[in-house]
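Numbering (the working numbering), first residue to last: 8 to 322. All C-beta atoms in this analysis are idealised placements derived from N, C-alpha and C, irrespective of residue type, glycine included.
Pasting the structure below:
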């Protein structure tokens, strides 16, 4: 390999390393999505009416919750990745609601690489997020909400899992929704606005351990929902990250004109198009909602199929 090729290869790896610092952040797995509906609509639902699992995006929407809702998400993802969500919400008196949820993400065994693309050790990762949310508001849907999020992360290095990296944190999110009129709502959320720290404990398997602190990015989301007509919704949202020069702008459309069937599409200006659908049906008079989304992968990593099932029980 001549000097020119060597310089090109070096520049390529330096560019990859630079991108990893720009786009990666603590808690990034939480940002991928929690339900098939949210992913198919590019997670642009900060101003949405309350829907299944919506308190992940904005706890203020809980003021419109009805009865009890049980939800389960299972994402079958490329590159041996997976995501599961378990969700419960309950309507409270006085235009209020509460929800509890667990989100789990994992990546199977994969080979680590150094800055020169040489193999290092096999890695695997599992992360858990526990979410407790509360929202209260007025009869027309305007309200505020608060979420407490517990994060626990495990990173195992090498096949014998001798080296262990564990992280934990408790952070808070605050959100609000303003119902301007029946056709227009605006919403906002401040994510990681209090105690935005992930505390890591590192055990290298040699009897010695050390710790360090990683900072979550503060994320401000602001968006609108437009009821174009009784069969169509348009969502627009902007996410601003305090530790990045790149903001996320999202737009999504949901068509509700079919009986028991919804069509969805979204576009994240920094990523790609997302597609999905929702289907409502009954089993022994039990109302069930099935949501599906497909992630095409914007880095050539292959297709991922995302499913969410939910059951709503009116009181």
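- No Cβ-Cβ contact shorter than 8 Å links residue 138 with residue 111.
- The three-state secondary structure of residue 245, taken from DSSP, is strand.
- Excluding residues up to 5 positions away in sequence, 134, 174 lie with their Cβ nearer than 6 Å to the Cβ of residue 160 in the same chain.
- Around the CB of residue 293, fewer than 16 other CB atoms lie within 10 Å, so the residue is classed as exposed.
- Here residue 91 is bridged, per DSSP, to 81, 111.
- Judged by DSSP in its simplified three-state form, residue 63 adopts helix.
- Residue 54 places its beta carbon less than 8 Å from that of residue 194.
- With a beta-carbon spacing of about 3 Å, residue 283 and residue 47 fall inside the 8 Å limit used to define contacts.
- Of the other Cβ atoms in all chains shown, fewer than 16 fall within 10 Å of the Cβ of residue 145; this residue is therefore exposed.
- Residue 311 and residue 80 have their C-alpha atoms some 13 Å from each other.
- Residue 315 is a Cβ neighbour of residue 298, given a cutoff of 8 Å.
- Annotation for residue 248: 224, 226 place their beta carbon closer than 6 Å to its own, counting only its chain and skipping 5 residues before and after.
- Secondary structure at residue 130: strand, using DSSP grouped into helix, strand and coil.
- By the Cβ test, the segment 82-98 is not in contact with the segment 197-207, since fewer than three Cβ pairs between them sit closer than 8 Å.
- The three-state secondary structure of residue 105, taken from DSSP, is strand.
- The beta-carbon separation of residue 142 and residue 68, rounded to 6 Å, stays under the 8 Å limit for a contact.
- When rounded, the separation of the alpha-carbon atoms in residue 262 and residue 210 is 51 Å.
- By DSSP's assignment, residue 193 forms a beta bridge with 185, 231.
- Rounded to whole angstroms, residue 86 and residue 113 show a C-alpha spacing of 11 Å.
- Pairing residue 313 with residue 43, the inter-Cα distance amounts to about 5 Å.
- Secondary structure at residue 37: helix, using DSSP grouped into helix, strand and coil.
- Separation of residue 75 and residue 321 (C-alpha to C-alpha, rounded to the nearest whole angstrom) is 6 Å.
- Judged by beta-carbon spacing, residue 70 lies within the 8 Å limit of residue 148, meaning their Cβ atoms are closer than that value.
- Here residue 229 is not near residue 241, since their CB atoms are 8 Å or more apart.
- Distance from the Cα of residue 158 is smallest, within the candidate group 38, 287, 257, for 38.
- The beta carbon of residue 201 sits closer than 6 Å to the beta carbons of 179 from its chain, once the five residues preceding and following it are set aside; these are given in chain order.
- In this structure residue 61 is not in contact with residue 296, their Cβ atoms being roughly 13 Å apart against a cut-off of 8 Å.
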